[in-house]
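Engineer:
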Amino acid sequence: MPQTVTQHTSSISAQEPPKYKQYATGWGFRLGLLAAFVSILIWASWLVSMRAGMTNTLTAFDLGILRFSPPALLLLPFLWRARAQVKTVSPILLLGIVCGAGLPFFYLSATGLKYAPASHAGLLILGAFPFFVTLLAVLFYQEKVSRERKIGLSLVSVGVLVLFSLSLLTAPENTWKGDLLLLAASFFWAVYTVSLRIAGLPPLVSTALMGLVSLIALVFLWASGLASSGLADASWDMLAGQILVQSLLVGLMTGFSYGYAIQKLGAENMAAIGAFTPVLAALIAIPVLGEHLEGYSIAGLIFVSVGVVIASGIFKKR
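Written out as structure tokens, the structure reads:
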């Protein structure tokens, strides 16, 4: 009889999905949603501040220093205490975390925003991002895609294609270069999201790791003469705004909120909800940067917004 019970227990354990495929319910799910929406509000502000910085005196190096210094220095104790746990994570996943949200992603985004407006960045980085996340999850982790997600992501794809194709015909010269760089950044962010979900590291630990490696790389670029700075020519108002967004909100706050949301909601749900960012970024850019929404941009935003609501599973019973 004990043997039968043991076999039954083993059978149940064998059928239990891995931790990264388990999602929160009840209040855990609601708190995950709250963390997700805090994250996308900060992301939208980040896109606008990046566009403002790259079209003024600041360089990508300057913005990178502001972005990665706070998590690298202030969160280092969390990384040190969790060093044993970090060593158990696959090097591939650690590389995905460091590169996906670190310096490669940052430089692709910053350079892309030098050529393309913030509204394009929102749609292309975080509008295309759910597709890359779903593709990676299906190819490498055999995730199943629900009917609702397929419909929602199809609508999001229409919105992205409308923006990308029509901007090639009507946007200023070199905008397409920025759009391609932003799409590449979207793929890197998807790699980060999936890697973070599978690795299971605490949010502050993964943020510290990514910040530390990125800061070391920035110092190396500076010492090698491969990076330039425009901080000396920047106004105090510009620096204050960038410090608030890059250092405090993005550098520290989203490190926790985004990681928490992924743990509670899963990478694919977070990817779908994150596609709300284009709408917020476009609306913020109108008064702050003086950008104007063209008809095709509005159409793209509508498709993306509706697609996100369907794909995110927000209204599914939990």
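Mapping the sequence shown onto the UniProt record's numbering, position 168 (from 1) lands on 168, and the numbers just tick up by one.
In this text, a Cβ means the ideal position worked out from N, Cα and C, and glycines have one as well.
Model, not experiment: these values are computed from the prediction.
By Cβ distance, which residues of its chain are closer than 8 Å to Leu136, with the 5 residues on each side in sequence left out?
Structural biologist: Excluding residues up to 5 positions away in sequence, Ala190, Val191 and Val194 lie with their Cβ nearer than 8 Å to the Cβ of Leu136 in the same chain.
Engineer: Beta carbon of residue 331, beta carbon of Phe68: below 9 Å?
Structural biologist: With the chain covering 1 to 318 only, the question about residue 331 has no answer from this structure.
Engineer: Take Ala101 and list the residues in its own chain whose beta-carbon comes closer than 6 Å to its own, dropping the five residues that flank it on each side.
Structural biologist: Tyr192 and Met210
Engineer: Just to confirm my understanding: we take Phe78, look at its own chain, exclude 5 residues before and 5 after, and list those with CB closer than 6 Å. What are they?
Structural biologist: If we look at Phe78 and ignore the five residues flanking it on each side, its Cβ neighbours are Leu204, Val205 and Ala208.
Engineer: Distance, Cα to Cα, Phe29 vs Gly274?
Structural biologist: 16 Å
Engineer: Please confirm whether any heavy atom of the ligand FMN lies closer than 8 Å to the CB of Val86.
Structural biologist: Although the ligand FMN was asked about, the structure shown includes no ligands whatsoever.
Engineer: If I follow the unbroken alpha helix (DSSP H) through Lys144, where does it start and stop?
Structural biologist: Lys144 -> no alpha helix (DSSP H), and no H or E assigned at all.
Engineer: Evaluate contact between the stretch 108-115 and the stretch 168-181, counting only Cβ atoms and requiring at least three cross-stretch pairs below 8 Å.
Structural biologist: yes
Engineer: Are the stretch 260-269 and the stretch 293-303 touching by the rule of at least three beta carbon pairs closer than 8 Å?
Structural biologist: no
Engineer: At what residues does the alpha helix (DSSP H) containing Ile243 begin and finish?
Structural biologist: Looking at the DSSP string, Ile243 is not in any alpha helix (DSSP H), and its letter there is neither H nor E.
Engineer: Rounding to the nearest angstrom, what Cα-Cα distance links Leu95 and Leu103 in this structure?
Structural biologist: 12 Å
Engineer: For Ser165, count neighbouring C-beta atoms within 10 Å of its own C-beta (all shown protein chains included) and say buried if the count is 16 or more, exposed if not.
Structural biologist: exposed
Engineer: Determine the direct distance from the alpha carbon of Asp233 to that of Leu74, and round the result to whole angstroms.
Structural biologist: Answer to the nearest angstrom: the Cα atoms are 27 Å apart.
Engineer: Could you pull out every residue in the same chain whose Cβ sits closer than 6 Å to the Cβ of Ile310, ignoring the five residues on either side in sequence?
Structural biologist: Glu148, Ile151 and Gly152
Engineer: In terms of alpha-carbon separation, which member of Gly295, Val48, Ser49 and Leu231 lies closest to Thr59?
Structural biologist: Leu231
Engineer: Where are the alpha helix (DSSP H) runs, 4 residues long or more, that stay fully inside the UniProt domain "EamA" (31-164), in chain order?
Structural biologist: Within the UniProt domain "EamA" (31-164), the complete alpha helix (DSSP H) segments at least 4 residues long are 60-74, 76-81, 83-87, 91-101, 103-115 and 118-141, listed from N- to C-terminus.
Engineer: Would you call the CB atoms of Ser90 and Leu249 closer than 9 Å?
Structural biologist: no
Engineer: In chain order, which continuous runs of the alpha helix (DSSP H) of length 4 or greater are located wholly inside the UniProt domain "EamA" (177-312)?
Structural biologist: 203-223, 236-242, 254-265, 267-274, 277-289 and 295-312
Engineer: Please work out which residues of its chain come closer than 8 Å, Cβ to Cβ, to Leu218, disregarding the five sequence neighbours upstream and downstream, and give them in chain order.
Structural biologist: Leaving aside the five residues that flank Leu218 on each side, the residues in its chain whose CB is nearer than 8 Å to its CB run, in chain order, Phe61, Gly64, Ile65, Phe68, Leu103 and Ala227.
Engineer: Out of Trp43, Ile286, Phe303 and Met50, which has the shortest C-alpha to C-alpha gap to Met238?
Structural biologist: Met50
Engineer: Nearest by alpha-carbon distance to Val160: which of Ile284, Gly53, Pro278 and Glu173 is it?
Structural biologist: Pro278
Engineer: Do Ala282 and Leu293 come within 9 Å of each other at the CB atom, strictly closer than that value?
Structural biologist: yes
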